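Student: Next up is a structure, given as structure tokens.
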Amino acid sequence: MRNKNIKPYTKKNGTRAYKFKVYLGSDPITGKRIETTRRGFKTAREAQRALDRLRVDYDKNGWRNGNELNVKTVDDLFNAWFEAKKGNVKNTSLSTYQVPYVKHLKPVLGNIKLDKLSPYILQKTLNNLGKKYSNMVRFTRTLNMLFRYAVKMEIMTTNPMDKVDRPKGKESAHADQVNYYNKEELTNFLKTVKENGDFKKYAYFRLLAYTGMRRGESLALSWGDFDLENKTIDINKNIVYDSLEKQTKITTPKTKTSKRVLFLDDKTVSVLQKWHLEQSKWIMRHGFIYHGDKQPIFQSTSNGFCPSETANKWLSLLYKKFPQKKIGVHGFRHTHASLLFESGATIKEVQDRLGHATSKETLDIYAHVMESRRSGTGERFAKYMGN
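This is the structure:
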């Protein structure tokens, strides 16, 4: 015989499901009735098991619904999580969750009460976002983070995202675009910039292409990081834009493995030496003070560190002035990795040089390189055989 608290209902998609509303007792502090509702169960038996677990948990531990945090809606939950994390993690890490939540998720989900939230609502929200955006990971990651926190803090008993599928997302307009240069393309790009552009940009993009460092790492470099005698450059800081404080900051590297010392080839060392001389002339000409070891290698117009978007502007200007195949600034990092693999470097060597935290990131690039080479495999074999 079915429990009278368990009732069937029809979901918006037309499927039948079960829910229950149950009285558990009274709040020992406020004296108010404690009632809760759960929904989304496929069968009455599944709903009964959840109801039994809820009653056992209440009898054993009392009522735990996040009242201490006054968390009732999705927005309340995000604010509670944000306050808990603020000061314990970098602002840049917080912003990777804050931006997609505030701009895209809050307008749709913010006012929904947690006890009314269902996997169906979340799935529908993500499906709609998938029609507009290609990068769906940022949305699913943010929601999973929120509801895992809610379960951990005993605000919610389950994570509704466990039953949600990540949509594929809208196909990117650049999905088929190869975002790196082959050997000939890189040589042509650097030659063009060197002969027709300014030497600062040539030195910058040569360093990117021949080290594979990240944009923020390269713009955070100072001359004290460059060891001429040992031909190395020390990656020990990062330029980021703090969206919470709305300013550019120098922080520690992205991950522990991002902090590394890279060996440079003789030509790149020579280019940096020449740029050092050119920069000194520029500083004197504009009446700035040279800051010794703390002097930025690639200075801004005010002789400070450049904001991270500066590199994008430099590249955009170069492409506008000298039309050719376009790749993003990050594409030079991909280019370096690809050419390392072409030269015979191992996955471990490439991982260490790029500062990847896991080999998966390196393997993804390796797979990309191998895929692009697959079409020419038969032709290479025929040439080798001589027919």
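Using numbering that gives the first Met the number 0, the letters of the sequence shown correspond one by one to residues 0 to 386. Ideal Cβ positions, reconstructed from N, Cα and C, are used throughout, including at glycine. Just so you know, these numbers come straight off a predicted model, no measurement behind them.
#1: Verify whether the separation of the beta carbon atoms of N143 and N158 is less than 9 Å.
#2: Pairing CB atoms from the region 260-271 with CB atoms from the region 226-241, are three or more of them under 8 Å?
#3: From A16, G24, K167 and S25, pick the residue whose C-alpha is nearest to that of Q47; which is it?
#4: Under a three-way DSSP split, which group does K18 fall into?
#5: Please list, in chain order, all residues of the same chain as V349 whose beta carbon is under 6 Å from its beta carbon, the five residues on each side excluded.
#6: To the nearest whole angstrom, what separates the beta carbons of I346 and Y365, a pair I think is in contact under 8 Å?
#7: Could you pull out every unbroken beta strand (DSSP E) segment of at least 3 residues lying fully inside the region 335-375, listed in chain order?
#8: Within its chain, find whatever has a CB closer than 6 Å to the CB of Y203; leave out the 5 residues flanking it on each side and keep chain order.
#9: Ignoring anything shorter than 4 residues, give me the alpha helix (DSSP H) runs that lie fully in the region 234-278, in order along the chain.
#10: My output table needs one value for P7: the three-state DSSP class, helix, strand or coil.
#11: By the three-class DSSP mapping on this structure, what secondary structure does K85 have?
#12: DSSP beta-bridge partners for Y33?
#13: Rounded to whole angstroms, what's the CA-CA distance from D56 to V88? Just pull it up for me.
#14: Tell me, which residues are paired with N295 by DSSP?
#15: According to DSSP, what are the bridge partners of K112?
#16: Using a 10 Å radius around the Cβ and a threshold of 16 neighbouring Cβ atoms, would you call I28 buried or exposed?
#17: Roughly how many angstroms separate the alpha carbons of G304 and I282, rounded to a whole number?
#18: Going by DSSP, what residues sit across from I232 in a beta bridge?
#19: Does the distance from the CB of S94 to the CB of L218 come in under 9 Å?
#20: Between which two residues does the alpha helix (DSSP H) harbouring Y201 extend?
#21: Between the region 124-135 and the region 72-84, do three or more beta carbon pairs fall short of 8 Å?
#22: Answer yes or no: do G215 and V192 have a C-beta to C-beta separation smaller than 9 Å?
#23: Count the other CB atoms within 10 Å of the CB of Q272; is the residue buried (16 or more) or exposed (fewer)?
#24: Flag this pair as touching only if the region 134-150 and the region 97-105 have three or more C-beta atom pairs under 8 Å; answer yes or no.
Tutor: By the coordinates alone:
#1: Here N143 is near N158, since their CB atoms are less than 9 Å apart.
#2: Inter-segment contact for the region 260-271 and the region 226-241 is present: three or more beta-carbon pairs are separated by less than 8 Å.
#3: When only C-alpha atoms are compared, the closest one is A16.
#4: Taken through DSSP and simplified to helix, strand or coil, K18 comes out as strand.
#5: Counting only Cβ-Cβ distances below 6 Å, and skipping sequence neighbours, we find A336, L339 and T361.
#6: 6 Å between Cβ atoms; contact.
#7: Given a length threshold of 3 residues, the region 335-375 has no whole run of the beta strand (DSSP E) inside it.
#8: These residues qualify, in order along the chain: F297.
#9: Every candidate alpha helix (DSSP H) stretch fails here, since none sits fully inside the region 234-278 while reaching 4 residues.
#10: Secondary structure of P7 (DSSP, three-state): strand.
#11: In the structure shown, K85 sits in a strand (DSSP, three-state: E or B).
#12: Inspection of the sequence shows that residue 33 is occupied by Ile rather than by Tyr. Secondary-structure assignment with DSSP links I33 through a beta bridge to G24.
#13: So the two alpha carbons sit approximately 33 Å from each other.
#14: Asn is not the amino acid found at residue 295; the sequence shown has Pro there. Looking at the DSSP output, P295 shares a beta bridge with S221.
#15: T72, per the DSSP bridge assignment.
#16: The pLDDT assigned to I28 is 48, lower than 50, so where the model puts this residue is not dependable; a value taken from the coordinates is nonetheless given after this. I28 comes out exposed.
#17: This sequence places Phe at residue 304; Gly is not what is there. Looking at the backbone, the Cα of F304 and that of I282 are separated by about 14 Å.
#18: Beta-bridge pairing links I232 to F225 and L261.
#19: The criterion of a C-beta distance shorter than 9 Å is not satisfied by S94 and L218.
#20: Following the DSSP letters along the chain, one finds Y201 inside the alpha helix (DSSP H) bounded by residues F198 to T210.
#21: Judged by pairs of C-beta atoms under 8 Å, the region 124-135 does not touch the region 72-84, as fewer than three such pairs exist.
#22: Inclusion of G215 and V192 in the CB contact set at 9 Å is not warranted, their separation being larger than that value.
#23: When all chains shown are included, Q272 counts as exposed.
#24: Yes: the two stretches touch, three or more of their Cβ pairs being nearer than 8 Å.
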